[in-house]
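>
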Amino acid sequence: MFLQWLNPIEAYAVLTDAVLDESFGAFTISIFAPQNVSDSDIIAGEVPAYLSDLVAIPILLVWFLLPVVLGYLRFRNADLG
Numbered sequence: 325m326f327l328q329w330l331n332p333i334e335a336y337a338v339l340t341d342a343v344l345d346e347s348f349g350a351f352t353i354s355i356f357a358p359q360n361v362s363d364s365d366i367i368a369g370e371v372p373a374y375l376s377d378l379v380a381i382p383i384l385l386v387w388f389l390l391p392v393v394l395g396y397l398r399f400r401n402a403d404l405g
């Protein structure tokens, strides 16, 4: 399930579900589990820390910042003129 959250769309859906306290399952498509199975059916007992809703924030930050940083590092010494 953690690999599923590495998808930025899924991480965004998890974060908005947590903030709005409402599930927008129609906007997400899971390829790892059938649509009629909830996460609580898959995970028995206590939910691991890496599956908490707050983990979606660093995942989204990496998706937003990594391309910017890589682009900056690639073009900082480029002669564009």
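Here my numbering is used: the first residue of the sequence shown is 325, the next is one more, and so on.
All C-beta atoms in this analysis are idealised placements derived from N, C-alpha and C, irrespective of residue type, glycine included.
Remember, predicted model here, so these are calculated numbers, not experimental data.
How far does the alpha helix (DSSP H) with Asp341 in it extend, from its first residue to its last?
It spans 332-344 - the alpha helix (DSSP H) in which Asp341 sits, taken as one unbroken run.
> Which value, in whole angstroms, describes the spacing of the CA atoms of Asn401 and Val392?
Asn401 and Val392: Cα-Cα distance of roughly 15 Å.
> Starting from Pro372, follow the alpha helix (DSSP H) in both directions and report where the run begins and ends.
Per DSSP, Pro372 belongs to no alpha helix (DSSP H) and is neither H nor E.
> For Ala380, report the span of its alpha helix (DSSP H) as first-last.
380-399 is the extent of the alpha helix (DSSP H) around Ala380.
> Since Tyr336 contacts Leu384 with CB under 8 Å, what's their CB separation in whole angstroms?
With 8 Å as the limit, Tyr336 and Leu384 qualify as a contact, their Cβ atoms being about 6 Å apart.
> According to DSSP, simplified to helix, strand and coil, what is Leu404?
DSSP places Leu404 in coil when its eight states are reduced to three.
> Let me know if Ala350 comes out buried or exposed under the rule of 16 or more other beta-carbons within 10 Å of its beta-carbon.
Any answer about Ala350 is weak, because its pLDDT of 44 lies below 50 and its placement is not dependable; what the coordinates show is given next. Per the 10 Å Cβ criterion, exposed.
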